[in-house]
Amino acid sequence: MSIWWSLHLRREAASVPLARRLLLGTMETAGVDPDVSYDLSVALSEACANAVEHGGGQGASEASAAFRVTAYLDGETCRIEVADSGPGFPARHGLPCAHAVQQPPAMAESGRGLCLIEELADHVHFRNRPGRGAVVSFDKILKWREDAPLVAS
């Protein structure tokens, strides 16, 4: 079984729950285990919130006012990619959060989202596209409900 979708969303708070609900609905319909679906939906929410907050360019162009979410359920894996047109990640985000020079304080109101994505997903990649923004991509091995209507192949 293979399912994929891609969304072009405005950089506004209302886009975050929209992307999350679409992912949860897709995974529920496919028969993905609810715990795995929940982990991926939280990771997606964090990536989208980061794109909304930090993902715009300096100008008011259409590209800087939007971000893209793409999800692939392919066989036993779900891969999600969130791309924006912002300034990119600081150099420290090339390392896993456990090895980052500056982790945010435990009570900080922001700065923990990328580390949370790393905790919830099996593989995470942060990359900058010079002059075009940043991309967060992550994947997770899927578990299936016993009554899954769509069985991985």
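The numbering used here runs 601 ahead of the 1-based position in the sequence shown. We put the CB at the ideal spot given by N, CA and C, even for glycine. This one's a predicted model, so the numbers in the text were calculated from it and none came from an experiment.
With DSSP run on the structure shown, which of helix, strand or coil describes residue i?
i: D685; result: coil
i: V702; result: For V702, the predicted model reports a pLDDT of 41, less than 50, meaning its position is unreliable; a value from the coordinates is still stated below. The answer is coil: DSSP assigns V702 none of H, G, I, E or B.
i: A583; result: A question about residue 583 goes unanswered here, because the residues of the chain that appear run from 602 up to 754.
i: S749; result: The identity of residue 749 in the sequence shown is Ala, whereas the question assumes Ser. Residue state, collapsed to three classes: coil.
i: L696; result: Any reading at L696 is ruled out, since the residue's pLDDT is 49, under 50, leaving its predicted position unreliable.
i: W606; result: strand
i: L623; result: helix
For the alpha helix (DSSP H) containing residue i, name the first residue and the last one.
i: V653; result: 635-655
i: G714; result: 714-721
i: R730; result: Looking at the DSSP string, R730 is not in any alpha helix (DSSP H); the run it does join, the beta strand (DSSP E), is 724-730.
i: A615; result: Taken as a continuous stretch (DSSP letters only), A615 belongs to no alpha helix (DSSP H), as it is neither H nor E.
For residue i versus residue j, is the C-beta distance shorter than 9 Å?
i: R612; j: A672; result: no
i: K741; j: C649; result: no
i: G689; j: G657; result: no
i: G687; j: H655; result: yes
i: S603; j: L674; result: yes
i: L623; j: I681; result: no
i: V633; j: R746; result: yes
i: V736; j: D685; result: yes
When the Cα of residue i is compared with those of the options, which residue comes out closest?
i: D748; options: Y639, L641, T630, N651; result: T630
i: L721; options: K744, D685, D640, R728; result: D640
i: S738; options: P731, H726, E654; result: H726
i: H724; options: L743, L608, R713; result: L743
i: N729; options: R713, E719, V683, R746; result: V683
i: R621; options: R746, L645, N651, A652; result: L645
i: G714; options: G676, W745, D685, N651; result: N651
i: S638; options: G732, E677, S616, H609; result: E677
i: L717; options: V643, V736, P618; result: V643
i: W605; options: S616, V670, D685, P750; result: V670
For residue i and chain B, any beta-carbon pair shorter than 9 Å?
i: D740; result: The structure shown has no chain B; it contains just one protein chain.
Looking at the unbroken beta strand (DSSP E) that takes in residue i, where does it start and where does it end?
i: G734; result: 734-742
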